[in-house]
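Protein chains: 2
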Amino acid sequence: MSASDLTGPQSGYASAPDELLILRTSPPKERADAARNRSAVLEAAARLFGSRGVEDVSMDAIAAEAGVGKGTLFRRFGDKAGLATALLDERERELQERILFGPAPLGPGQIDDAPSPGDRLRAFVEAYLDYALEHLGLVRMSETASPGARYRIGAYRFWHRHVALLLAEASNGGTLDADAIAHAVLAPLAAEHLHAVVSEHGEDRVRAATLTVVTTLLAAVAA
Amino acid sequence: MSASDLTGPQSGYASAPDELLILRTSPPKERADAARNRSAVLEAAARLFGSRGVEDVSMDAIAAEAGVGKGTLFRRFGDKAGLATALLDERERELQERILFGPAPLGPGQIDDAPSPGDRLRAFVEAYLDYALEHLGLVRMSETASPGARYRIGAYRFWHRHVALLLAEASNGGTLDADAIAHAVLAPLAAEHLHAVVSEHGEDRVRAATLTVVTTLLAAVAA
DNA sequence: CAGCCATCTGGACTACAGTCCGCTTATGTC
DNA sequence: GACATAAGCGGACTGTAGTCCAGATGGCTG
Chain A
374 MSASDLTGPQ
384 SGYASAPDEL
394 LILRTSPPKE
404 RADAARNRSA
414 VLEAAARLFG
424 SRGVEDVSMD
434 AIAAEAGVGK
444 GTLFRRFGDK
454 AGLATALLDE
464 RERELQERIL
474 FGPAPLGPGQ
484 IDDAPSPGDR
494 LRAFVEAYLD
504 YALEHLGLVR
514 MSETASPGAR
524 YRIGAYRFWH
534 RHVALLLAEA
544 SNGGTLDADA
554 IAHAVLAPLA
564 AEHLHAVVSE
574 HGEDRVRAAT
584 LTVVTTLLAA
594 VAA
Chain B
374 MSASDLTGPQ
384 SGYASAPDEL
394 LILRTSPPKE
404 RADAARNRSA
414 VLEAAARLFG
424 SRGVEDVSMD
434 AIAAEAGVGK
444 GTLFRRFGDK
454 AGLATALLDE
464 RERELQERIL
474 FGPAPLGPGQ
484 IDDAPSPGDR
494 LRAFVEAYLD
504 YALEHLGLVR
514 MSETASPGAR
524 YRIGAYRFWH
534 RHVALLLAEA
544 SNGGTLDADA
554 IAHAVLAPLA
564 AEHLHAVVSE
574 HGEDRVRAAT
584 LTVVTTLLAA
594 VAA
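Residue numbers (the working numbering), protein chains in the order written: chain A, 374 to 596; chain B, 374 to 596.
Here it is, written out as structure tokens:
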């Protein structure tokens, strides 16, 4: 679920632009008070996360800061992971659009500068690391606040499909279980993993190591 | 911490046999009542986890079933993750010993049948998957019950060191950041990841995909 | 055996995530 | 403008992880 909340007018839209057309039916209008509360919550959450850390802010505190009841907060965002996801929504969407429509090597580029799938995959890993490391606290909360959250949110499905498609393309007809291998490629991009490893080795080494693994995989797959 | 509790007589012993000698000082004797309670808790926990699932058993329930107070439970095992770790202790230790001292290709073998580091690494991944998939509920609890738990427990350090050593050996003097890459290799072995991917693709595909990634990495590293 | 004290005990207590449901209010209709 | 009704609201409530500390107890020492 990468839409900014669970019940707003955009609810039901798939997270990825390439799926935008699927469910255009009946965008139910959002009531004025609902809209007011929604933005109040998001602003309050951003404020609190900024001043104390993401870890140290309770849902009660957010509700109080926003001046709404707890029930409202939870009905709107489902749980803590959903709230984090909503806050990340814009950044995430932007990255997804660059991947789908942007310039090479991250995006498909133009006909005359089409990048290789391998280049696109490496570019994806770098861009994703930029995104995740910049907002690590939030991403981590969105992935771990409830068990299994990472694999349920729509964004993960998007990354997974993207990686699987590129792997299949790179293998060029080889018998490769692209779906399953894509999960393995995404595993070291989990926020929990990044958090632990970055604090041990620093961002640069983590970036380099992740790229090494992906690059060697691509080399073997293309052969 | 792979010892079976936090305060018992073995506390302070490092988890891996190759570190056993480091801290032999003052194994404080465990009081009889403490020992009784410790095994009561472990038995109660095993019983409850077996009958309901690991997810659906609260610490209160375990304390009640064991006939001890909550304070005792938490002082002994730290938190839910620690309790799970204690329950896994024996199995984990056994695997660690096979790795350090057992027959090839998982262990170092004898002088005349010494396996290659690549073979040992593949054997490790297979053996670890056997272990983790067999006890997935418990392993998952031990890794996720508290945030960052996976990377704090001694067992992870052991697996990491083992993988890093094998990678370094396999690269045969190449300039390889074995420590950082070892983390990336271990990422798809996280219980949370296994849980999600196995329920999507099944054990066989997950095993195959993980081995594919490791194998391609080894091929590139050795070259 | 008596006394001392470190260790251990257990349940009351806090804080937090998440649920529930009776009440309020915005909005479309006549 | 009044009404009907669906949508939304919020705070009381529940269940759980984890903390704390006053008192009990086991095990050493003389």
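Think of the CB as a built atom: it goes at the ideal place given N, C-alpha and C, for glycine as much as any other residue.
Ranked by Cα distance from T445 (chain B), the options B:Y529, B:L415, B:R578 are led by B:L415.
A distance below 7 angstroms between beta-carbons, with the five flanking residues on each side excluded, links A563 (chain A) to the following residues of its chain, in chain order: E516, R523. D406 (chain A) has its alpha-carbon roughly 49 angstroms from the corresponding atom of V558 (chain B). About 29 angstroms separates the CB atoms of A477 (chain B) and P561 (chain A); that is not less than 8 angstroms, and the two are not in contact.
Residues of the stretch 410-431 of chain A with a C-beta atom less than 7 angstroms from some C-beta of chain B do not occur. Residues of chain A with a Cβ closer than 9 angstroms to the Cβ of H574 (chain B) are, in chain order, D550, D552, A553, H556. Straight across, the Cα-Cα distance linking A418 (chain B) with A454 (chain A) is about 29 angstroms. In chain B, no part has a C-beta under 9 angstroms from the C-beta of H508 (chain A); the shortest such distance is about 17 angstroms. The beta carbon of A541 (chain A) lies closer than 6 angstroms to those of A551 in the same chain, with the five residues before and after it left out.
For I526 (chain B), no alpha helix (DSSP H) encloses it, and the DSSP letter there is neither H nor E. A residue is called buried when at least 16 other Cβ atoms come within 10 angstroms of its Cβ; I484 (chain B) does not meet this threshold and is exposed.
Residue state for E403 (chain B) is assigned as coil, using DSSP reduced to three classes.
Looking only at A:E403, A:V571, A:A413, the smallest Cα-Cα distance to L506 (chain A) is reached by A:V571.
DSSP places S515 (chain A) in the helix class (H, G or I) of the three-state scheme. In this structure A593 (chain A) is in contact with A593 (chain B), their Cβ atoms being roughly 7 angstroms apart against a cut-off of 8 angstroms. Note on geometry: alpha-carbon atoms of L456 (chain B) and R578 (chain A) lie some 33 angstroms from one another. Taking 7 angstroms as the cut-off between beta carbons, the residues of the stretch 510-537 of chain B near chain A are T517, P520, G521, Y524, in sequence order. The beta carbon of I472 (chain B) sits closer than 7 angstroms to those of L479, G480, F497, H535, all from its chain and outside the five residues before and after it, given in chain order. At a C-beta separation below 7 angstroms, V441 (chain B) has no neighbours in chain A, since its nearest C-beta there lies roughly 27 angstroms away.
Nearest in C-alpha terms to G527 (chain A), of all of A:D462, A:A408, A:A434, A:T548, is A:D462. The DSSP-derived three-state label of R448 (chain B) is helix. One alpha carbon belongs to L421 (chain A), the other to D433 (chain A), and they sit about 12 angstroms apart.
The beta carbon of V512 (chain A) sits closer than 6 angstroms to those of A505, A564, all from its chain and outside the five residues before and after it, given in chain order. At least one beta carbon of chain A lies nearer than 8 angstroms to the beta carbon of L590 (chain B). Per DSSP, reduced to three states, the secondary structure at Q469 (chain A) is helical. Linking S519 (chain A) to E428 (chain A) through their CA atoms gives a straight-line distance of about 14 angstroms.
By the 16-neighbour rule on beta-carbons within 10 angstroms, A581 (chain B) is exposed.
Boundaries of the alpha helix (DSSP H) harbouring H556 (chain A): 551-559, taken from the DSSP string. Looking from the CA of G423 (chain A), the closest CA among A:H508, A:D492, A:E467 belongs to A:H508. Classified as buried, T583 (chain B) has 16 or more neighbouring CB atoms from the shown chains inside 10 Å of its CB. The distance from the Cβ of V586 (chain B) to that of L494 (chain B) is about 11 angstroms, inconsistent with a contact at the 8 angstroms cut-off. Of the candidates A:S544, A:E576, A:R411, A:S544 places its Cα closest to the Cα of L591 (chain A).
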